Amino acid sequence: MKIIFMGTPDFAVPTLRRLVESNHDVIAVVTQPDRPKGRGKAVLPTPIKKEALKYHIPVHQPERVREEHFLQVLADAKPDIIVVVAFGQILPKAILDQPPLGCVNLHASLLPKYRGAAPIERAMMEGDEKTGNTTMLMDAGLDSGDILLQEEMEIPLEANASLVYSSLSQSGANLILRTLEGLESRELQPKPQTEEEVTLAPRLKKEDGLIHWDQKSSQIANLIRALVLRPVAYTFLKGLRLKIWSAESSNRYPQDSDPGRVVGIDCYGIYVSTKEGNLLLKEIQAEGKKRMNAFQFVQGHRVEIGESFSESA
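Per the working numbering, the very first residue in the sequence shown carries number 293; after that it's consecutive.
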């Protein structure tokens, strides 16, 4: 099949790579425009653009996919199918209706759960024990198209979002190939999503990372491991904003202190009281500083038992 691939971040790279290595023909890649990144604001290509250029595949980077010029480029290419993985723009009907086999999307959740921009993070924040990938035929809605294939994955208790992201990225590439085989052979029958089971996974904001110490330690631990890619969970101590990179629930100290209070310190880190149980902080980063283990942080910032973490400076 002649394929146009649309994607942007690292998550989409394994799928593009597998398609190029398959017996299909990736005739063009569409990705977001190059943007300034990092403190130096250097303009960098997207991960998908860098991958496409390795294979000498033509790359298109429309500011808006609704542009007449870009719509004509797609029409002239005459793809059999368009494969979309974390592209970053909503596709209009003018694109969805172009290829004979439609537009197929890989979404990192078990739809209809977690429609939206942050399905991995939202599932982990909720403490879900499993997640997965879904391929679907795209329609004009938000991740609401008919389901083609699904594949489940357990979320290990010790895993953070980076590990889950990587695992789903790799398994999703295989799921896309299986989906294309089923569509090409006409053996795959799309199934409508159950609207009653829909949940949403809206884009993450910086404030979503604020730790509320009056929650259970397990809830806070889930938040921290869910947000290691973005925006990273944070709290405040003695007016200093701190990113928390790693933590785990603990019952080492009795439940008799106000939420947020430091109840213990040892070589493993800082034990903080919560609504239920303690949270052991293991890796911390002060604003403008490098990440360090919590015991090093204690030594450098003179943290003492009885002090309290807070929700504001």
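Even for Gly, the Cβ is constructed at its ideal location relative to N, Cα and C. If you're wondering where the values come from, they're calculated on a predicted model, not measured in any experiment.
- Query: Given that a residue counts as buried once 16 or more other Cβ atoms are within 10 Å of its Cβ, and exposed if not, what is G569?
  - Reply: As a first step, residue 569 is located in the sequence shown; it is residue number 277 there, counting from the start. Classification of G569: buried, given that the 10 Å Cβ count is 16 or more.
- Just tell me which of P337, Q442 and P301 has its CA closest to the CA of P482. Counting from 1 along the sequence shown, the entry for residue 482 is found at position 190. The shortest Cα separation from P482 among P337, Q442 and P301 belongs to Q442.
- Backbone secondary structure at L572 - three-state DSSP: As a first step, residue 572 must be located in the sequence shown, where it is residue number 280. Residue state, collapsed to three classes: strand.
- Message: Assess contact between the segment 525 to 545 and the segment 496 to 506, defined as three or more Cβ pairs (one per stretch) separated by less than 8 Å. Is contact present?
- Response: yes
- Straight-line gap, R495 to L366 (C-alpha atoms, nearest Å): Within the sequence shown, numbered from 1, the residue matching residue 495 stands at position 203. Within the sequence shown, numbered from 1, the residue matching residue 366 stands at position 74. Put simply, the backbone Cα of R495 is about 28 Å away from that of L366.
- Query: Mind pulling the beta strand (DSSP E) runs of 3 or more residues that sit fully within the segment 524 to 576?
  - Reply: Within the segment 524 to 576, the complete beta strand (DSSP E) runs of at least 3 residues are 526 to 529, 532 to 542, 554 to 558 and 561 to 565.
- Tell me whether E355 sits in a helix, a strand or coil according to DSSP, three-state version. Counting from one through the sequence shown, the residue named residue 355 turns up at place 63. It is coil, neither helix nor strand.
- Under the DSSP definition of a beta bridge, which residues are partnered with M428? Residue numbering aside, residue 428 sits at position 136 when the sequence shown is read from its first letter. Partner(s): N397 and I439.
- Query: Would you say the segment 338 to 349 touches the segment 358 to 375, given that touching needs at least three Cβ pairs under 8 Å?
  - Reply: no
- Message: Am I right that E421 and M293 are in contact with their C-beta atoms under 8 Å? What's the rounded C-beta distance?
- Response: By one-based count along the sequence shown, residue 421 stands at place 129. By one-based count along the sequence shown, residue 293 stands at place 1. At roughly 36 Å, the Cβ-Cβ gap does not stay under 8 Å, so E421 and M293 are not in contact.
- Message: Quick test of your reading: V300 and Q324, contact by CB under 8 Å. State the CB separation rounded to the nearest angstrom.
- Response: Here residue 300 refers to the residue found at position 8 of the sequence shown. Here residue 324 refers to the residue found at position 32 of the sequence shown. The sequence given here has Thr at residue 300, not Val. Confirmed, about 5 Å.
- Throw me the rounded Cβ distance for the A634 and A493 pair, which I believe falls under 8 Å. As displayed, the chain neither begins before 293 nor continues past 605, which places residue 634 out of reach and without an answer.
- Message: Using only the alpha-carbon positions, how far apart do N585 and L383 sit?
- Response: The residue given as residue 585 occupies position 293 in the sequence shown. The residue given as residue 383 occupies position 91 in the sequence shown. Answer to the nearest angstrom: the Cα atoms are 44 Å apart.
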